[in-house]
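Written out below as structure tokens is the structure these notes cover.
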Amino acid sequence: MTDLPAPDPVPAPTGDATAHDLRSLRKQSSIYVYEAPVRLWHWINALAIVILIVTGYFIGSPPPSMQIAEPVSQFVFGYIRFAHFAAAQVMTVAFFGRIYWAFVGNSHARQMFWLPIFSRHWWSEVFFELRWYLFLEPEPKKYVGHNPLAQMAMFFFMTIGITFMLVTGWALYAEGAQKGSLPDLAFGWLLGLVQNSQRLHTLHHLGMWSIVVFMIVHIYAAIREDIMSRQTMVSTMISGHRSFRDDRTD
Ligand code: HEM
Ligand code: HEM
Numbered sequence: 009m010t011d012l013p014a015p016d017p018v019p020a021p022t023g024d025a026t027a028h029d030l031r032s033l034r035k036q037s038s039i040y041v042y043e044a045p046v047r048l049w050h051w052i053n054a055l056a057i058v059i060l061i062v063t064g065y066f067i068g069s070p071p072p073s074m075q076i077a078e079p080v081s082q083f084v085f086g087y088i089r090f091a092h093f094a095a096a097q098v099m100t101v102a103f104f105g106r107i108y109w110a111f112v113g114n115s116h117a118r119q120m121f122w123l124p125i126f127s128r129h130w131w132s133e134v135f136f137e138l139r140w141y142l143f144l145e146p147e148p149k150k151y152v153g154h155n156p157l158a159q160m161a162m163f164f165f166m167t168i169g170i171t172f173m174l175v176t177g178w179a180l181y182a183e184g185a186q187k188g189s190l191p192d193l194a195f196g197w198l199l200g201l202v203q204n205s206q207r208l209h210t211l212h213h214l215g216m217w218s219i220v221v222f223m224i225v226h227i228y229a230a231i232r233e234d235i236m237s238r239q240t241m242v243s244t245m246i247s248g249h250r251s252f253r254d255d256r257t258d
């Protein structure tokens, strides 16, 4: 028989802990998954995106600010654009920080940036997860990081989606910042590529709706999985720890 390591000491029973609870405690049922920079980025990015969507929507469909006061005594649209650009700068810096963390952080910090599309096993789990989300599987699997379907959504809607919004947004900004400015030097080429400003506005606007769709599905899935899966979800993005609800290894 192989020598198994002695089990970790278990704290003395407290409160209403049963023998079953103590057996559970002996197994490692909580794993530190999302490091602080990932969590910080998640919530800063979520807040910036909400501000960008609300203000961006108003930029596309301006409120009737003339009814609020005479133009000389109000600055409503100016504040809306200011909030949009301030949140855009926060999102830009935060995204670069997040990319840096993909290099220096743990393996889960890299999940959002690549898809193992040549792995058969990964694809089978994508379809398994899809069936689970559609209530066609009786029990979900356990995942330490993102499940493969979530990973796919995050890759397309966030990694690609945020990059798209940054590039199109800064190209729009370049128009106001004028020729020779930093935004113009970095992104001005895009205006030439799409040929006119209206087309760039439309692309940027459509990008917003794809992020809105992601947000709705993402928040539904995070709360649903918090309730129905075999592991914690929302608290994992707050504390960083993933706890599992059962000790089974299958
Ligand atoms: C605008 C709103 C939001 C956006 C754009 C967003 C985006 C993201 C992204 C990109 C990730 C991957 C994180 C990474 O790997 O670095 C993620 C994960 C996660 N988000 Fe959000 N999020 C938003 C709001 C929320 C809200 C409101 C909740 C809670 C109800 C939430 C719960 C989670 C959870 C639990 C994970 C981890 C999922 C897992 O463990 O697989 N998110 N989110
Ligand atoms: C999730 C991210 C973002 C969302 C959802 C978003 C949304 C929007 C929307 C809906 C519009 C109106 C487009 C129209 O119909 O004409 C807009 C305009 C604009 N956005 Fe964004 N945006 C985002 C990120 C950015 C970024 C990173 C920048 C970079 C500075 C940016 C700069 C601009 C500019 C310059 C305009 C045009 C303002 C004007 O014409 O007065 N946006 N945005």
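If you read the sequence shown in my numbering, its first letter stands for residue 9, the second for the next number, and so on. No residue lacks a Cβ here, since even glycine has one placed at the ideal position from N, Cα and C.
_Restricting to Cα atoms, I'd like to know which of Arg207, Tyr141 and Pro191 is closest to isoleucine 235._
The residue you call residue 235 lines up with position 227 of the sequence shown. Of Arg207, Tyr141 and Pro191, the residue nearest in Cα terms is Tyr141.
*asked:* For threonine 244, which residues in the same chain have their Cβ closer than 7 Å to its Cβ, ignoring the five residues on either side in sequence?
replied: Within the sequence shown, the letter at position 236 stands for residue 244. If we look at threonine 244 and ignore the five residues flanking it on each side, its Cβ neighbours are Val41, Tyr42 and Arg250.
*Three-state class that DSSP yields for phenylalanine 83 in the structure shown*: On the sequence shown, residue 83 is found 75 positions in, with the first residue counted as 1. In this structure, phenylalanine 83 counts as coil in the three-state DSSP scheme.
_Any heavy atom of ligand 2 closer than 7 Å to the beta-carbon of glycine 64?_
Translated into positions along the sequence shown, residue 64 becomes position 56. It does: the Cβ of glycine 64 is within 7 Å (strictly closer) of some heavy atom of ligand 2.
*Between Gln186, Ala95, Gly248 and Leu55, which lies nearest to isoleucine 39 when the distance is taken from Cα to Cα?*
Your numbering for residue 39 matches position 31 in the sequence shown. The candidate whose alpha carbon is nearest that of isoleucine 39 is Gly248.
*asked:* Helix, strand or coil, according to DSSP, for arginine 89 in the structure here?
replied: The residue labelled residue 89 in the question sits at position 81 within the sequence shown. Note: arginine 89 maps to helix in three-state DSSP.
*What distance in whole Å lies between the Cβ atoms of isoleucine 231 and valine 242, which are believed to be in contact at a cut-off of 8 Å?*
Numbered from its first residue, the sequence shown carries residue 242 at position 234. Numbered from its first residue, the sequence shown carries residue 231 at position 223. The pair is a contact, with the Cβ atoms about 7 Å apart (cut-off 8 Å).
*Using a threshold of 7 Å, is the CB atom of methionine 223 nearer than that to any non-hydrogen atom of ligand 1?*
Taking the sequence shown and counting its residues from 1, one reaches residue 223 at position 215. It does: the Cβ of methionine 223 is within 7 Å (strictly closer) of some heavy atom of ligand 1.
*Mind checking tyrosine 151: buried by the 16 CB within 10 Å criterion, or exposed?*
Reading the sequence shown from its first residue, position 143 is the one you call residue 151. Classification for tyrosine 151: buried.
_Quick check: the Cα distance between glycine 184 and methionine 162, rounded to an integer number of angstroms?_
Here the question's residue 184 lines up with position 176 in the sequence shown. Here the question's residue 162 lines up with position 154 in the sequence shown. So the two alpha carbons sit approximately 31 Å from each other.
*asked:* Quick check for students: name the residue ranges of the alpha helix (DSSP H) that lie wholly in the segment 143-214, counting only runs of 4 or more.
replied: 156-161, 169-185 and 190-202
*Going by beta carbon distance, what residues of the same chain come within less than 7 Å of threonine 51, once the five residues before and after it are set aside?*
Position 43 of the sequence shown, counted from the first residue, corresponds to residue 51. A small fix is needed here, since residue 51 is tryptophan in this sequence, not threonine. Nothing meets the Cβ criterion.
*Who are the near neighbours of leucine 211 in its chain, counting only those whose CB is closer than 6 Å to its CB and skipping five residues on each side?*
Start at 1 with the first residue of the sequence shown, and residue 211 comes out as number 203. So the list reads Thr176, once near-sequence residues are dropped.
*For methionine 173, which residues from the same chain have a beta carbon less than 6 Å from its beta carbon, with the 5 sequence-adjacent residues on both sides left out?*
Along the sequence shown, one-based indexing puts residue 173 at 165. Contacts found: Gly215.
*Got a list of residues with beta-carbon closer than 6 Å to any non-hydrogen atom of ligand 2, in chain order?*
Ile57, Leu60, Ile61, Gly64, Tyr65, Ile67, Gly68, Arg89, His92, Phe93, Ala96, Met99, Thr100, Met173, Leu174, Gly177, Trp178, Leu180, Tyr181, His209, His212, His213, Met216 and Ile219
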